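Residue numbers (our numbering), protein chains in the order written: chain A, 2 to 306; chain B, 92 to 462; chain C, 2 to 191. Heads up: the structure comes next, in structure tokens.
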């Protein structure tokens, strides 16, 4: 039998990265399974975090497991580094780890994001952690998670296809907006988290590892690098991303990237780049600063191979 | 490198927090002690929902959150996350613990007697307004009974079992470490009974009451009779590295047993529902014991679905998710607007093989598209 | 190691935490890029096990020293059939029997499969030609010191998404072979 004294350690105010070693090991075990079965949801205990559930606690547990003192951390919400919740999560990760923070995608080694993937292409050494409110792509067709589990086991996705077809028949188009269901590695249908359709193709054959974590719903899943991620589409009705035609970023003059629309009193709208870190660099370059801007997934609204 | 815009968000949240904390003033050890002393039932409720027995920390959580209950529970749960698990205490049987209150509604008198203990059940709920006029309220001293009540009266369920009215209990000794633990593994369905009871033990008092009440009121199939409700101080017996157990202290625990009539093969039987929680919280345990009976019985009421009950009575998940709708959702909303305007979602130009014969109706489109 | 300054509230990683972090980082990246070697903070199987195991899981190893170290994590030693993690310094004709008893998971819970850490020699011997997630096109891996029939056994037990996740460990080098990897095994490459 193991003696108590072998299990206890000297008192620490908080473990490095807030989570204790046991919590980290549970996340690590889940992440390895998630990587081994791309797109398959892995249950994990999901500890309570010092932030409200539904506010990124799943992503936070993964980030705190992965962070190291040398990490450079970027946190975004809806594309923006300065969103209040992004600022809060970033400061928590920094305070719990001593890691440096950044708003520059190129500089970041660990990116936690809610609802967006940056416009600049992520590379091999970067880890992307996506916050997930609802990990179950089948929730809309079957609210019961036990039934959904059986459907995943059988790769029985008929209801999902039927739902998209019904949308097509009823509305004349597929009305799924964000969280567009996608088939991963030809086997599991996955919710890519509520990223816009614009961001979904960025997961396909990506260079980087993407980890998705739902804290409240207690599920982890992953898209390894160089993995097929295909949005569900009919052979005669292609998947289409949000139309950015004619939208010009008021701040930077950029076009052909995902834009936030801001209504004006006169009934019209202005636009700005949703990716705030990218916008900041474009603005600084416009002002004459030497700024390194990485290759982007889209150029002039066209997805690059 | 940080830039101005990011600082804006950080300053704003810092100041918003300052506003909240400034309104509460300094939190001193005295304030925390006073909360712990004067609001023990509130402290109990927080400890129960947080599933961490630490009255001083619970009182501190209440002080820090200004009594915002879901915040207080969250604080304590988050603290719990940081604490390593070093051992499992021995299971307790409540009919062997120091019992301060035990009543049965099922019988006029029961072995061990009706022990009213501390309660406001039969009091007149009048405000002592004279306190506000500067006159302290001093409670009338208790007159001790001639004969103290039994230290640990036997369980009423034991008598029912002896009578063959409810099935015998499974008395198999189980190693504490082998009991499935909800805080170390996610609940999966069908849920092991241990997970069900643990989830109810840390469930939200209000949510549990709402579902339990709906079931009692007639939407469900369970018409409970309170077999017993019990408030205890239970011994925490920890395994000693050299073998055996030692007493590490006492915790306040409440439990409820309810019985309801059911039919098996056309024969009427009594079914027993059970719930227990850390701290003294009678309304939650009675509602939870009712839900324990209601779950997985036939019927359309949500209380009959274990998955529905356990997921939706989780205090920090339900509160957190509800509050997260305050977060910006403009990207998903933008994506939905795109679909609404017919922009991207699916090709308008490429028509499906069978052209839709239903006229497009914009209202349901937007509803579907909304995140 | 970066100094921890400012209003950081957590303590710096202890040497054990640091080692576990580095070991896990190598395992995670190795599994995300099957066939690509990564470096563990120290040679051997134990360090890989230590970053994953605790009292929630079970393991099997025939190696007394690995067993001693992993028992300190609180993990339960058990049989090869029921172990969550198998740490096998050698899989040869005599010891392959333990390896092939490992669980491949069940259809409802494909994650309830075993993870195998196996001692091997990397960079020489038979050729494994890998493709699948984490691999751009194809990748070749030379492996020696493992009974070649093990790879046939892996294929026999692999019913994706069921299957074993395997780490080959050579000194401080580790290579990941998740169940998602398609593998052609050629014992006598030209």
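Even for Gly, the Cβ is constructed at its ideal location relative to N, Cα and C. Only a predicted model underlies this, so the values are computations on that prediction, with no experimental measurement involved.
Only exposed fits residue 113 of chain B, as fewer than 16 other CB atoms lie within 10 angstroms of its CB. With contacts defined by Cβ atoms closer than 8 Å, residue 122 of chain A and residue 80 of chain A do not form a contacting pair.
By the C-beta criterion, the stretch 205 to 216 of chain B is judged to be in contact with the stretch 182 to 196 of chain B, since at least 3 inter-stretch pairs fall below 8 Å.
Under DSSP, residue 25 of chain A takes part in no beta bridge, so it has no partner. The alpha-carbon separation between residue 236 of chain A and residue 377 of chain B amounts to approximately 56 Å. Per the C-alpha coordinates, the member of B:320, B:341, B:321 positioned closest to residue 329 of chain B is B:341.
The residue from C:112, C:110, C:170, C:109 with its alpha-carbon nearest to that of residue 36 of chain C is C:170.
Residue 262 of chain B and residue 206 of chain A have their C-alpha atoms spaced approximately 56 Å apart.
Excluding the 5 residues flanking it on each side, residue 361 of chain B has same chain C-beta neighbours closer than 8 Å at 251, 256, 257, 350, 351, 352, 353, in chain order. With respect to the 8 Å criterion, residue 259 of chain A and residue 197 of chain A are classified as neighbours on the basis of their beta carbons. In this chain, residue 324 of chain B is not harboured by any alpha helix (DSSP H); it is covered by the beta strand (DSSP E) spanning 316 to 330. Check the Cα spacing between residue 304 of chain B and each of B:380, B:335, B:371: the tightest is with B:380.
Bounds of any alpha helix (DSSP H) do not take in residue 242 of chain B, whose DSSP letter is neither H nor E.
With fewer than 16 other Cβ atoms inside 10 Å of its own Cβ, residue 358 of chain B counts as exposed. Against residue 51 of chain C, chain B offers no close residue; the least beta-carbon distance is about 15 Å (beta-carbon pairs closer than 8 Å).
Contact note: residue 66 of chain C does not reach chain B at a C-beta cutoff of 9 Å; the least C-beta distance is about 23 Å.
Its chain contains 74, 76, 102 as the residues whose beta carbon lies nearer than 7 Å to that of residue 91 of chain A, once the 5 sequence neighbours on both sides are disregarded; these appear in chain order. Between residue 257 of chain A and residue 298 of chain A the beta-carbon gap is near 11 Å, outside 8 Å, which marks them as no contact.
For the 8 Å CB-CB criterion, residue 108 of chain C and residue 154 of chain A form a contact. Between residue 28 of chain C and residue 151 of chain C the beta-carbon gap is near 20 Å, outside 8 Å, which marks them as no contact.
Under the 10 Å beta carbon count, residue 87 of chain C is surrounded by 16 or more other beta carbons and is classified as buried. Between the stretch 158 to 174 of chain A and the stretch 122 to 131 of chain A, the count of Cβ pairs shorter than 8 Å is below three; the stretches do not touch.
The beta-carbon separation of residue 174 of chain A and residue 433 of chain B, rounded to 6 Å, stays under the 8 Å limit for a contact.
Approximately 13 Å separates the beta-carbon atoms of residue 46 of chain A and residue 408 of chain B; this is outside 8 Å, ruling out the contact.
Taking all protein chains in view, the Cβ of residue 170 of chain B is crowded by 16 or more other Cβ atoms within 10 Å, so the residue is classified as buried. Here residue 214 of chain A is buried. Its C-beta has 16 or more other C-beta atoms within 10 Å. The DSSP-derived three-state label of residue 203 of chain A is helix. The shortest C-alpha to C-alpha distance from residue 45 of chain C to any of C:57, C:155, C:129, C:62 is the one to C:62. Under the Cβ distance rule, residue 57 of chain C counts among the residues neighbouring chain B, one pair being separated by less than 8 Å. Annotation for residue 194 of chain A: no alpha helix (DSSP H) segment contains it, and DSSP assigns it neither H nor E. Against chain B, the CB of residue 49 of chain A has a partner CB under 8 Å away; the residue lies at that interface. Counting other Cβ atoms within 10 Å of its Cβ, residue 115 of chain A reaches 16 or more and is therefore classed as buried. Taking 8 Å as the threshold, the shortest C-beta distance from residue 421 of chain B to chain A falls below it. Between residue 52 of chain A and residue 62 of chain A, the C-beta gap is not smaller than 8 Å, which leaves the two residues out of contact. In the three-state DSSP reduction, residue 250 of chain A falls in the strand class (E or B).
When C-beta atoms of the stretch 22 to 34 of chain A are compared with those of the stretch 217 to 233 of chain A, three or more pairs fall below 8 Å, so the two segments count as touching.
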